[in-house]
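Structure first, then comments.
If you want it as structure tokens, here you go:
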């Protein structure tokens, strides 16, 4: 008999009358006193010794195969000012979470690994095959969204003032933004612990390292992986360092024997992942990063009726030019991360002040890439050192590259930048999939190279294929329907998928971007050999629930098929730490907003006015059906299951089989 999950109350979890989100100085010291190390510089007479806090993770490190986080689904929510729960526009009322039981969690049963034969011939039986060779072992993290919560040019206020479009957007405000640095540190420590059993060959970060292409956010990311001291407080007020989530801490750093590689994400290049910073100089967006005033704009999330793309950001009708609301910021001196200086401009006598910080400056794409050459971890450049110079000359900021994790194994990682270009002229949110002529030329060259050398291929990009509904701002960019586009998408989604299918050596497409753990099968076209099918594996965000990363093990089976075993992992946070508080806040935000964390959109053609828009998934009929290959784990004692563990089988061509038989005979 399965045991019912034990839901740990917030008070039980930290042994105090105070909730876990509110760390008093006494409680903070209680949970960190055994983890303080002292460092000083004997070379500098003026230097003072200082205590550096560290946050060790839980001693028990498990994957979701062993256990799943479990928490209650509130029955009554979304009723503002009724005294029953919090509405999505009230998510910022963190001090009320304990009253309604938000954020309490326990553990339920583990999630089994489901064997998937979708791409295999119907008569295939795996039972007759064994593991012959492990080809690769790696982990993926994605959408970390390290956030300077005290910046003055965010979109925090829209989450409160716009119940229809702003309220569900945890990307513009979530209480998890308080602890993004500590959560990443816990993830890296969890990876280090798993390395003993998984022996990772490398790590892969699938984009959106930072939230708004800021210098300090990017440096936090790199310095956490390097194991340096992190200073989350950006206010310039050192008295805030005593607040739990503001405390400087020493990151553990990724084990030096694990190299890691980087994929480009839209939040790495665009303001709040959406707007090209220098697209319209009159908006002075670059100045807003280092300004000493809170940003004032309109509700840019409201879509324009019958418009073929989401908000027309630079038009005065919807606009970044309409100073209707002060966007607010986080008061880093408050235990709950209170929002301040947000609301209607008319309610303020004077423009609200926010201490300026030059480290908040926005990075260009070239500058962002260059920071990856200023790290201690390996390899130098984290993949960007492998960019071929002649492609970089053809396209400034070109960031595609490939590598063999093991020169003795014919498996090529193809790292593809499919994020929109900051110079594309588009006025909509820059969350679409896009490939320039140079990038598609490079991709074709890599697929041809792998074909010639008889190598298997894994493609990693930030944006997934054929899963985001038209109009969601996460689908493939249709530049021909964008009246402001200065660049054209060089390939349609239909043609891109077709080219990948024809290269039968592609095992899978890895992606982040949507903050979910979806897995999709792209079957071979009708009448084509089965080996033309490939898998798509998405990794969820470390910012939003379920805050998981993935492990992936690639095996060659004894019948010369391929198995990709992929498992979700919860960071092994220790009770009473900011990272554990971040988990509780991610759970609370999900309980309040109840976003769809198991998406499977119907495949239909959608039209804006008289403008037809092509299908979300061109490989399936537009009959309104959902994708039968997209599944999620169902666990009886886990009400919210956003995870999916699977063994994904892939057949190979006769030519590839013969090549592998020579390298790995039975």
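Residue numbers (this note's numbering): 18 to 683.
Note that the Cβ used here is the ideal one computed from N, Cα and C, for glycine as well.
Keep in mind the model is a prediction, meaning the values are calculated, not measured.
For residue i, which residues in the same chain have their Cβ closer than 7 Å to its Cβ, ignoring the five residues on either side in sequence?
i, result
"residue 241", "198, 201, 202, 205, 247 and 268"
"residue 604", "88, 120, 122 and 562"
"residue 237", "163, 198 and 247"
"residue 370", "309 and 310"
Measuring alpha carbon to alpha carbon, tell me which of the options ends up nearest residue i.
i, options, result
"residue 616", "605, 638, 166 and 642", "642"
"residue 544", "138, 502, 598 and 635", "138"
"residue 222", "300, 281, 192 and 191", "281"
"residue 486", "288, 618, 670 and 476", "618"
"residue 286", "447, 673 and 548", "447"
"residue 316", "389, 682 and 186", "186"
"residue 193", "164, 69 and 76", "164"
"residue 107", "637, 632, 621 and 610", "610"
"residue 144", "180, 575 and 434", "575"
"residue 421", "110, 407, 276 and 168", "276"
"residue 90", "647, 612 and 424", "612"
"residue 685", "518, 657 and 599", "Past the boundaries of the shown model lies residue 685; the chain is included only from 18 to 683, so the question cannot be answered."
"residue 384", "414, 357 and 112", "414"
"residue 445", "417, 493 and 646", "493"
"residue 341", "593, 214 and 359", "359"
"residue 497", "491, 506 and 489", "506"
"residue 250", "597, 238 and 264", "264"
"residue 443", "477, 396, 472 and 504", "504"
"residue 423", "459, 474, 598 and 387", "474"
Just verifying my parser: in three-state terms, what is the DSSP assignment at residue i?
i, result
"residue 82", "coil"
"residue 670", "coil"
"residue 101", "coil"
"residue 675", "helix"
"residue 492", "coil"
"residue 573", "strand"
"residue 637", "coil"
"residue 663", "strand"
"residue 153", "strand"
"residue 416", "coil"
"residue 383", "helix"
"residue 360", "strand"
"residue 194", "helix"
"residue 164", "coil"
"residue 131", "strand"
"residue 562", "coil"
"residue 188", "coil"
"residue 247", "strand"
Whose C-beta lies closer than 6 Å to the C-beta of residue i among residues of the same chain, with five residues either side of it excluded?
i, result
"residue 188", "none"
"residue 588", "203, 204 and 207"
"residue 177", "106"
Does the beta-carbon of residue i have 16 or more other beta-carbons within 10 angstroms, so that it is buried, or is it exposed?
i, result
"residue 157", "buried"
"residue 571", "buried"
"residue 373", "exposed"
"residue 669", "buried"
"residue 614", "buried"
"residue 693", "Since the first and last residues shown for the chain are 18 and 683, residue 693 lies out of range."
"residue 256", "exposed"
"residue 153", "buried"
"residue 436", "buried"
"residue 432", "buried"
"residue 671", "exposed"
"residue 318", "buried"
"residue 620", "buried"
"residue 453", "buried"
Where do the ends of the alpha helix (DSSP H) carrying residue i lie?
i, result
"residue 232", "232–243"
"residue 460", "454–470"
"residue 597", "595–610"
"residue 116", "114–117"
"residue 516", "510–519"
"residue 303", "302–306"
Quick one: give me the first and last residue of the beta strand (DSSP E) that residue i is part of.
i, result
"residue 404", "Here residue 404 belongs to no beta strand (DSSP E), and DSSP marks it neither H nor E."
"residue 477", "473–477"
"residue 527", "523–528"
"residue 346", "342–347"
"residue 585", "579–586"
Is there at least one non-hydrogen atom of the ligand PLP closer than 7 Å to the beta-carbon of residue i?
i, result
"residue 185", "No copy of the ligand PLP appears in this structure; indeed no ligand is present at all."
Under 8 Å Cβ to Cβ from residue i, same chain only, skipping five residues before and after it: list those, please.
i, result
"residue 379", "229, 230, 231, 232, 288, 294, 302, 303 and 306"
"residue 681", "149, 150 and 573"
"residue 126", "19, 84, 85, 652, 653, 654 and 655"
"residue 225", "159, 160, 161, 162, 282, 283, 284, 285, 290, 479, 529, 530 and 558"
"residue 147", "574 and 575"
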